Structure formats: structure tokens, C-alpha cells
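Read top to bottom, the protein sequences are chains A and B. Going by this note's numbering, the first residue of the first sequence is number 3, and it counts up by one from there. Going by this note's numbering, the first residue of the second sequence is number 3, and it counts up by one from there. Written below as C-alpha cells is the structure these notes are about.
There are 2 protein chains.
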Amino acid sequence: MNLLALAGGVGGAKLAHGLAQILPPENLTVIVNTGDDFEHLGLRISPDLDTVCYTLAGLANPDTGWGRADETWNAMANLKRLGAPDWFNLGDRDLATHLERTRRLNAGQTLSQVTRDFCAAWGVKHTVLPMSDDPVRTMVDTDEGELPFQEYFVHRHCEPRVKSFRFEGLSTASPAAGVREAVESADAIIICPSNPWVSIDPILAVLHLSSFISRLSVIAVSPIIAGKTVKGPAAKMFAELGIEPSALAVADHYENLLTGIVVDSLDSELAKQIRIPTLVTNTIMQTVEDRARLAHETLQFIGSLP
Amino acid sequence: MNLLALAGGVGGAKLAHGLAQILPPENLTVIVNTGDDFEHLGLRISPDLDTVCYTLAGLANPDTGWGRADETWNAMANLKRLGAPDWFNLGDRDLATHLERTRRLNAGQTLSQVTRDFCAAWGVKHTVLPMSDDPVRTMVDTDEGELPFQEYFVHRHCEPRVKSFRFEGLSTASPAAGVREAVESADAIIICPSNPWVSIDPILAVLHLSSFISRLSVIAVSPIIAGKTVKGPAAKMFAELGIEPSALAVADHYENLLTGIVVDSLDSELAKQIRIPTLVTNTIMQTVEDRARLAHETLQFIGSLP
Chain A
3 MNLLALAGGV GGAKLAHGLA QILPPENLTV IVNTGDDFEH LGLRISPDLD TVCYTLAGLA
63 NPDTGWGRAD ETWNAMANLK RLGAPDWFNL GDRDLATHLE RTRRLNAGQT LSQVTRDFCA
123 AWGVKHTVLP MSDDPVRTMV DTDEGELPFQ EYFVHRHCEP RVKSFRFEGL STASPAAGVR
183 EAVESADAII ICPSNPWVSI DPILAVLHLS SFISRLSVIA VSPIIAGKTV KGPAAKMFAE
243 LGIEPSALAV ADHYENLLTG IVVDSLDSEL AKQIRIPTLV TNTIMQTVED RARLAHETLQ
303 FIGSLP
Chain B
3 MNLLALAGGV GGAKLAHGLA QILPPENLTV IVNTGDDFEH LGLRISPDLD TVCYTLAGLA
63 NPDTGWGRAD ETWNAMANLK RLGAPDWFNL GDRDLATHLE RTRRLNAGQT LSQVTRDFCA
123 AWGVKHTVLP MSDDPVRTMV DTDEGELPFQ EYFVHRHCEP RVKSFRFEGL STASPAAGVR
183 EAVESADAII ICPSNPWVSI DPILAVLHLS SFISRLSVIA VSPIIAGKTV KGPAAKMFAE
243 LGIEPSALAV ADHYENLLTG IVVDSLDSEL AKQIRIPTLV TNTIMQTVED RARLAHETLQ
303 FIGSLP
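Take a look at the structure:
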């Protein structure tokens, strides 16, 4: 079975890592959101791509969910001393990724080429693809005006109330090299427990899945557990957009796309209201083993679907 | 007495530091070569400026002569892992300087503005000025063709034989903001023991000292000691250009400019052949005290000149 996983940051990276523990490289492709990519200090930064790649490579910082393990912060401390913008933390090891990606992109390489080479250097054997090689920039309309995503997410700690999202460049963005082929050869798609609004929606918009939907199983793992998220602002966004945050809301969000959904055991009562096949299990991935277990159960669930 | 020091890298930085230990900030301006500036990994790097500023700030690496003390190399190690060009070493603390300088220059600040702000942040009280805010790029013509300076100096370890030098942009480069005023208010100029060919000549060409020369004392400290340099390729360059490297050759090099010259005690015999006032003393600066002592003796020598 060829599997496509759609992933944003931490939650997506964890489930992708679980799947990578089970599936051989030729059977798993991870397509990653690039809508929260941005330019900072002259560097081209792709936070979700890095989180997914670092996690698959075993290089991720297990405490923060972003950045590198065993990181040092000497460049950042000296940037602060020089008065540089310091709201986005860049570790010394992590900086190398951004410097070399920036150098290569400026030299004309595509983001998917850079990602392929970086994965090879890091020993990531499964295929990781950015959703697009074209720039897509998530803009968050808030009660304080429109903010670029990282400005909202990191600089403002998701404090402003969300009114809507706009994805600059999305309507003209093509799927990255390899993405279309990966969709065509896929038997099932897993929508990882990432933010539906700002991580998964941009990927879905680029993929144009509608023509494939009849022959594909599409399963989402709900990022909302008992009305909350493990990390990130998805629940807050649902609420601010007037929707009660819940696994049910996630199912509704992906409405016509889903063959099934995986929800947490804490939502077993709520699950009865969901009108598509639902797997109820522990979806919180605290350990590396949790990731593999959830991946395994999700694959079994897909196999059980008609 | 207002003093102007002209400096390249390590040797120049050491004597500038000696002078800064003696002279109050309002009486010393250091004008630094920018002819070996270059772009690398998308960063704007000014090696001589950084060496001078780090040295004056007490941040310099005492072992290498370039870069920062207590440096870490985590970005560099990861750049190598990703296949980035690795012939120019950039420490993690040092990287902050290049990142923030690049950001500011790209935002429209001049190199002299950036240098002033960095010096303030680092606690450098004496004025350090780049020779020019306009780009000047030293090109070294060698028996293997023309090479950009850092390519020759760092990547090729000064191995190719030198035939001549070309300073791209020099003919149209203006003195940086503050340089002209510093020259006008100077009573004396010390040409630090830096490379005459690639560190001092570009500064002199930008300064156009000829109209000031009648009222100024100009004293050089020879970078050639017993036919050799403490560091750097100056002696090798003299030899490859058909000139026997010596303090005498240095005096001849600056010919019509010098009021006097300081040469090392190892060259006391040779000094008798120099036809301008000559101070013979120990010019090797191994300790911070050596720097102050040589600066003190040089200032006394200037005071003794007619």
C-alpha cells in the first residue's frame, strides 16, 4: 500500500515518524505545508519542512517540538547583542539549514530539490516533499489587522483573535515536483493531526484531490482532543471562527473528503455523533513508541475500511 | 594629537589595540581596509573590519587572529554536512555579525553605519571606520589566473604565485562617511604593520592623502621582520613581484608618503640603509602589553620627528 501523509509541524511530524517506522521508504511520501514559510534575517525558513525532516532524521529537539536536539544559541545571543530582531529563535545547528537552503534557492534550486538533498544528508530515507516549490504565504486576518503567519504565531504568540485566513500565492502555486506522481500512485492519504486551517488546508488546496477522491481512502487523525490541542492554536482558531473545537468539528471541516477519522479515546462519546467510520484510540504521542502504535492502528483502520 | 591608524587584519588590529590602550577615544580613528570584503553563503563578510573591531572589543580569538574567542562551530559543522562550501570557517558567534550586517546592508544602511552600531554594541569606544562604504574587491592575478582575494587567501592558502593586484571598484569608491573629516583633523597617520599590497594600498588609494601630506606626519610600522612576516603573505608577495622582502622594501613601497618608519630590532643593520627617520625596536606583538609598548614607542617617535 502506497501511503501519502499530509503534515504540518509537530503533530504531523510525530505521526509521519510513526508511519516511517512501519512503512518501507518506497511506500510512504510525506507532503508538508509550506504556507508558514517566511523570510527572516535574510534567510528562507521553512518551519514545517524542518520539523518533519528533523523528526524523521532523529535530529529534532524532543522538548520544544521545533529546532534541533543538543542545540546551542551562540549566534542568536550575539544577534540580540547587535540589536537584530530576536522574536524568532534560531539555534546554531538549525541556522546551517536556513543558510544553505537560502544559498541554494538563491542559486536557482527548487525547494523540493533542496529538501531531497538535505534529507539525503540527514539520512531520511522516506520521501519528504514540500507541497509546492512556489511561495505560498499564510496571512492571518485578526482583530488587530492582517498579520503574516509567523508574526501571528511566534511573535504575537497567537494572541490576536482570528477572523480569517488568506494564502498569498496559493491560487497560482503548482504542486512541487513529485507531488502529483505521489498522489497518483497513492492508495490512501492520512491527514496527520496538524492544524486544519493553516497546515492542512493549504496542502489540500494545492493537491486538488477531488479527481482522485473516488479511488483513494482519506483518513484524518483529529488534532482536537477533548476540545483542545496538544500544541498549537487549532482549537483557539475553531473557537474564534465560531465553531466549537472538537473532533466532530474536524470531521465537518474535511467534510466531503474523508473516508474515515481517528479520534482520541477522550472523545469516545462524541465519536458516536460522527457519521463516517471512526477509530477511537489513544492519539496522544508522548513517546516514539506511541507514534508507531498510532501509525499502526491507523493503517489497520484504513485496511478495515470497505 | 589626533591620530589616524590605517589597518588591515591581525597586525593592524594589534597595533590599533595598542594605540587604543593609550589614546582617548576622541584622539584615535582607525581606518580599515575593506578590499578583502566578500560575499559568502549569501553573507556580507568584512574580515579586516571584524578583526579590528573584535580585537578592540576584547572579543577576538587570541590563537587564530581572526574570529571570536570561545567560539563554537555547530553551524559550520552542519553546513558541511549539507554540502555547503566549507573553505571559509564561520563560527557561531561570528555568524551573528555577518547575518546582522547583511540584513542591515540589504535594508539600505551603509557599512560605516553598521560598523558604528556594532562598535557601540561591543563596547568599542574608539572610532573604527571602513575605508569606504562603496564595495571594493581585491582581485589577485596569479600564475593560475585571476582569483578573488579570499579565494586566493583562504581557499588556496596563498599558494598561487602573485603577478599583480586589481581593486575592483576602487577608482570610483568614495571615502566612507567620517573618513575625510578624520584625515582633515589628523596630526599624524600610522600605517600599521599590515600587508602593504592588499591591506594598506587600497586604503591609501581611497584616502588621496597627497593634498594633506605637507602638514601630516606619516609613519609606517614595517610588517616585514628579517625578511618575513609574523602572519600573512606580504613577504611572499614582495618576493613573487621581484622585490626582496625587507623593511627597506616596505620603506620604498610607501616612498614619497613617509615621514618615518619603525622597523624591528632584527633589522638594525638594514635600518642603516633607510634614508628617512627610523625607529628600531621590538615590533613583534605577542602580548597585549607588547601592543601598548609598541604603540607608545611609535607615538614617542612621532613626537620626536621635526
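For every residue, glycine included, the Cβ atom is placed at its ideal position computed from N, Cα and C. The structure presented is a predicted model; accordingly, all values stated were derived computationally and were not measured.
When the Cα atoms are used, Ala-237(B) and Ala-7(B) turn out to be separated by approximately 22 Å.
In this chain, the alpha helix (DSSP H) harbouring His-298(A) covers 290-306. Taken in chain order, the unbroken stretches of alpha helix (DSSP H) that lie wholly in the region 10-36 of chain B and span 4 residues or more are 12-24.
Residue contact with chain B for Glu-102(A): present (Cβ-Cβ distance below 8 Å to some residue of chain B).
Cβ contact annotation for Thr-231(B) (same chain, cutoff 6 Å, sequence separation greater than five): Pro-225, Ala-237, in chain order. In this structure Glu-41(A) does not touch Val-164(A) by the C-beta definition: roughly 23 Å separates them, more than the 8 Å allowed. With a threshold of 16 other beta carbon atoms within 10 Å, His-100(A) meets it and is buried.
No Cβ-Cβ contact shorter than 8 Å links Leu-272(B) with Thr-285(B). Per the Cβ contact rule, the region 139-159 of chain B is not in contact with the region 3-21 of chain B (fewer than 3 Cβ pairs under 8 Å). For the region 69-80 of chain B, the set of positions with a beta-carbon nearer than 9 Å to some beta-carbon of chain A reads Arg-70, Asp-72, Glu-73, Thr-74, Trp-75, Asn-76, Ala-77, Met-78, Ala-79, Asn-80 in chain order. Leu-260(B) and Ala-207(B) do not touch by the CB rule: their CB atoms are close to 16 Å apart, not below 8 Å. Taking C-beta atoms as the reference points, Leu-113(B) and Ser-48(B) count as a pair closer than 8 Å.
Here the region 168-185 of chain B does not lie against the region 290-304 of chain A, with fewer than 3 beta-carbon pairs under 8 Å apart. As DSSP reads the structure, Pro-150(A) sits in a beta bridge with Met-141(A). Every beta strand (DSSP E) stretch that sits fully inside the region 24-105 of chain B and reaches 3 residues is listed by chain position as 30-34, 40-42, 45-47. For the alpha helix (DSSP H) assignment, the uninterrupted runs of no fewer than 4 residues enclosed by the region 178-249 of chain B are, from N- to C-terminal side, 181-186, 203-209, 236-242.
A straight-line Cα-Cα distance of about 56 Å links His-210(A) and Ser-176(B). The residues Leu-30, Leu-58, His-128, in chain order, have a CB closer than 7 Å to that of Ala-22(A) in the same chain once the five nearest residues on each side in sequence are set aside. In the three-state reduction of the DSSP assignment, Ala-253(B) falls in the helix class, which pools H, G and I.
Here Ala-188(B) is actually not in contact with Asn-35(B); their C-beta atoms are around 18 Å apart, not less than 8 Å. For Glu-161(B), no beta strand (DSSP E) encloses it, and the DSSP letter there is neither H nor E.
With the rule of 3 Cβ pairs closer than 8 Å, the region 72-80 of chain A counts as touching the region 64-78 of chain B. DSSP places Arg-118(B) within a helical segment (H, G or I) once states are collapsed to three.
Under DSSP, Arg-168(B) takes part in a beta bridge, and its partners are Met-141(B). Where Leu-281(A) is concerned, the enclosing beta strand (DSSP E) starts and stops at 280-283. Put simply, the CB of Arg-95(B) is near chain A, with a gap under 8 Å to one of its CB atoms. Burial check for Asp-203(B): the Cβ neighbour count within 10 Å reaches 16 or more, so the residue is buried. Cβ proximity to chain A below 8 Å picks out Asp-119, Phe-120, Ala-123, Trp-124 from the region 118-136 of chain B. Scanning Ala-86(B), Leu-45(B), Gly-20(B) for the CA closest to the CA of Val-54(B) turns up Gly-20(B). Within the model, the alpha-carbon separation for Arg-105(A) versus Leu-81(B) is close to 11 Å.
Within chain A, no residue has its beta carbon less than 9 Å from that of Asn-91(B); the closest one is some 13 Å off. For Arg-105(B), the C-beta contacts it makes with chain A under 8 Å involve Leu-43, Gly-44, Ala-86, in order along the chain. Excluding sequence positions up to five before and after Ser-201(A), its CB lies within less than 6 Å of the CB of Gly-10, Asn-35, all in the same chain and listed in chain order. Where Leu-272(B) is concerned, the enclosing alpha helix (DSSP H) starts and stops at 270-273.
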